[in-house]
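The structure under discussion appears below in the form of structure tokens.
Chains as they are written, first to last, in our numbering: chain A, 170 to 242; chain B, 170 to 242.
Below is the structure:
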């Protein structure tokens, strides 16, 4: 899996959220969201942005480019 | 265009690079790269990461989530 980003699972669990809850926030079905967590589908940029906002982190953190979890704004 | 990120064009021009040069760096053809700049194709995460590295910036800057161009590492 070229585009596997395990941090979206870690962030979800750190926020005590279920896949169902995150899927609802993203306005999609749980199985679709699940494919992002498992690295089966690449995360589209609009979803990446929504996840960064949900978890108050950066897209760089989600993508593993930085270990700094906090926002860079 | 839902996923239009004009900064990848601005960054390329600020670095005095042609679409052809950036496309070669990304190991793709120029017309394919051009579709990202024009917002016709969403930017896949692996390309987003390579562009951030090329321009020594963050994916957050490319996606317009921050105006801070410098790296957050």
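Even for Gly, the Cβ is constructed at its ideal location relative to N, Cα and C. Remember, it's a predicted structure, so these values are computed and weren't measured experimentally.
Does chain B have any CB closer than 8 Å to the CB of residue 213 of chain A?
Numbered from its first residue, the first chain carries residue 213 of chain A at position 44. Residue 213 of chain A belongs to the set of residues whose beta carbon lies under 8 Å from a beta carbon in chain B.
Chain B contact residues for residue 238 of chain A, given Cβ-Cβ distances below 9 Å
Counting from 1 along the first chain, the entry for residue 238 of chain A is found at position 69. The premise fails here: residue 238 of chain A is roughly 11 Å from chain B at the closest Cβ pair, so nothing lies under 9 Å.
Interface flag, residue 179 of chain A vs chain B, CB-CB below 8 Å
Counting from 1 along the first chain, the entry for residue 179 of chain A is found at position 10. Chain B contact via Cβ: absent.
Under three-state DSSP, which class holds residue 242 of chain B?
Start at 1 with the first residue of the second chain, and residue 242 of chain B comes out as number 73. The predicted model places residue 242 of chain B with a pLDDT of 47, which falls under 50 and marks its position as unreliable; any figure quoted below should be read in that light. Coil.
Would you please verify whether the beta carbon of residue 183 of chain B is less than 8 Å from any beta carbon of chain A?
As a first step, residue 183 of chain B must be located in the second chain, where it is residue number 14. Output row for residue 183 of chain B: interface = no.
Taking 8 Å as the CB-CB cut-off, is residue 217 of chain A touching chain B?
The count along the first chain starts at 1 and reaches residue 217 of chain A at position 48. Residue contact with chain B for residue 217 of chain A: present (Cβ-Cβ distance below 8 Å to some residue of chain B).
Inter-residue Cα distance where the pair is residue 197 of chain A and residue 191 of chain A
Within the first chain, residue 197 of chain A is the residue found at index 28, counting from 1. Within the first chain, residue 191 of chain A is the residue found at index 22, counting from 1. When only Cα atoms are considered, residue 197 of chain A and residue 191 of chain A end up about 9 Å apart.
Kindly say whether residue 195 of chain B, judged by its beta-carbon, lies nearer than 8 Å to any beta-carbon of chain A.
As a first step, residue 195 of chain B must be located in the second chain, where it is residue number 26. So no, residue 195 of chain B is outside the interface.
Output yes if chain B places a C-beta closer than 8 Å to the C-beta of residue 220 of chain A; else output no.
Taking the first chain and counting its residues from 1, one reaches residue 220 of chain A at position 51. Residue 220 of chain A does not count as touching chain B.
What do you reckon, are the CB atoms on residue 232 of chain B and residue 228 of chain A nearer than 8 Å?
Position 63 of the second chain, counted from the start, is the residue given in the question as residue 232 of chain B. Position 59 of the first chain, counted from the start, is the residue given in the question as residue 228 of chain A. Against a cut-off of 8 Å, the Cβ pair of residue 228 of chain A and residue 232 of chain B comes out as a contact.
By DSSP, does residue 207 of chain A sit in helix, in strand, or in coil?
Your numbering for residue 207 of chain A matches position 38 in the first chain. Here residue 207 of chain A sits in coil by DSSP.
Answer yes or no: do residue 211 of chain A and residue 213 of chain B have a C-beta to C-beta separation smaller than 8 Å?
Here residue 211 of chain A refers to the residue found at position 42 of the first chain. Here residue 213 of chain B refers to the residue found at position 44 of the second chain. In this structure, residue 213 of chain B lies closer than 8 Å to residue 211 of chain A by Cβ.
Does the CB of residue 232 of chain B have a neighbour CB from chain A at under 8 Å?
Locating residue 232 of chain B in the second chain gives position 63, counting from the first residue. Yes, because at least one Cβ of chain A sits closer than 8 Å to the Cβ of residue 232 of chain B.
Residue interval of the alpha helix (DSSP H) (run including residue 216 of chain A):
Position 47 of the first chain, counted from the first residue, corresponds to residue 216 of chain A. Segment 214 to 223, the alpha helix (DSSP H) holding residue 216 of chain A.
Which residue marks the beginning of the alpha helix (DSSP H) containing residue 183 of chain B, and which one marks its end?
The sequence position of residue 183 of chain B within the second chain is 14, counting from 1. Per DSSP, the continuous alpha helix (DSSP H) segment holding residue 183 of chain B begins and ends at 176 to 183.
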